[in-house]
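Participant:
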Ligand code: AMP
């Protein structure tokens, strides 16, 4: 069976965004990135944008309640009915619990949490390179340090949260884009 309701987990700079897009195309389900949604909200200077900008700039997490609300609204859209790839959500145990409740109510629980494994040194190197290319407001030395710490403390435990229910798998995220994409596809289709 192929899993189509997926959570993509991994440190900042692991390549989640790129891989989520590739996999989404392959599976015909949307890639949903809370980071992208927040960055567009900031760019559009919407109400939510104003609420989240300071968190994004500092590399800190947006409060759970607001984040869950944004995701719940997105998952209610028709294109997410057949499945979804969540990139960057959940990032805390309370977010994961809220997601479980939301999806269980709809009878379509998460099928697989896939961890994209990349060592800390390599992600720092990648984030520094991205800072030069994209100029994201949180790709500063302080922002990078904060996001890695937040990942270790708040997000990494989610691998066990899903793993305890037999819903987690790890994929080596080091390598070329198509090489990693092939590993992910293998993990997802044999799930
Ligand atoms: P990302 O693009 O996934 O690296 O996210 C960029 C930033 O958006 C993060 O550093 C947080 O400030 C915010 N963000 C994205 N997803 C979440 C989430 N699930 N919970 C809280 N904050 C988030």
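In our numbering, the protein residues as written are -12 to 178. For glycine and all other residues, C-beta sits at the position ideal for the given N, C-alpha and C.
Would you kindly check if the distance between the Cβ of residue 138 and the Cβ of residue 100 is under 7 angstroms?
Facilitator: Not closer than 7 angstroms, so no.
Participant: Looking only at DSSP bridge pairs, what is residue 58 linked to?
Facilitator: Note: residue 58 sits in no beta bridge, so no partner.
Participant: Say the cut is 6 angstroms; is the CB of residue 142 nearer than that to a heavy atom of the ligand AMP?
Facilitator: Not under cutoff, so the answer is no.
Participant: Can you name the start and end residues of the beta strand (DSSP E) that residue 158 belongs to?
Facilitator: From DSSP, the beta strand (DSSP E) with residue 158 extends over 155 to 159.
Participant: Can you check whether the CB of residue 46 is closer than 7 angstroms to the CB of residue 122?
Facilitator: Not in contact: residue 122 and residue 46 (Cβ atoms no closer than 7 angstroms).
Participant: Could you tell me the distance, in whole angstroms, from the CA atom of residue 83 to the CA atom of residue 119?
Facilitator: Using only the alpha carbons, I get a separation of about 33 angstroms.
Participant: Helix, strand or coil: which one does DSSP assign to residue 27?
Facilitator: Residue 27: helix per DSSP, three-state reduction.
Participant: Under 8 angstroms: do the stretch 35 to 45 and the stretch 58 to 71 share three or more Cβ pairs, one atom per stretch?
Facilitator: Flag = no, the stretch 35 to 45 and the stretch 58 to 71 do not touch.
Participant: Compare the C-beta of residue 8 with all C-beta atoms of chain D and state if any pair is closer than 7 angstroms.
Facilitator: Of the protein chains in this structure there is only one, and it is not chain D.
Participant: Using the beta-carbon count (16 or more within 10 Å), is residue 163 buried or exposed?
Facilitator: Exposed: under 16 other Cβ atoms inside 10 Å.
Participant: Report back the beta-carbon spacing between residue 170 and residue 158 to the nearest angstrom; my notes put them in contact at under 8 angstroms.
Facilitator: Rounded, the Cβ-Cβ distance is 5 angstroms, consistent with contact.
Participant: What residue range is occupied by the uninterrupted alpha helix (DSSP H) comprising residue 67?
Facilitator: Element bounds for residue 67: n/a, residue is neither H nor E.
Participant: So, for residue 85: in the same chain, excluding its five sequence neighbours on each side, which residues have a beta-carbon less than 6 angstroms away from its beta-carbon?
Facilitator: Result list for residue 85: 55, in chain order.
Participant: Looking at residue 110: is its Cβ nearer than 7 angstroms to the Cβ of residue 160?
Facilitator: Contact: no.
Participant: In the DSSP output, what is residue 18 paired with across the bridge?
Facilitator: According to DSSP, residue 18 bridges with 72.
Participant: So the candidates are 145, 173, 61; which of them puts its Cα closest to the Cα of residue 90?
Facilitator: Closest by alpha carbon: 61.
Participant: Quick one: what's residue -8 bridged to in DSSP?
Facilitator: Note: residue -8 sits in a beta bridge opposite 71.
Participant: The alpha helix (DSSP H) spanning residue 104 covers which residue range?
Facilitator: From DSSP, residue 104 is part of no alpha helix (DSSP H) but of the beta strand (DSSP E) over 99 to 104.
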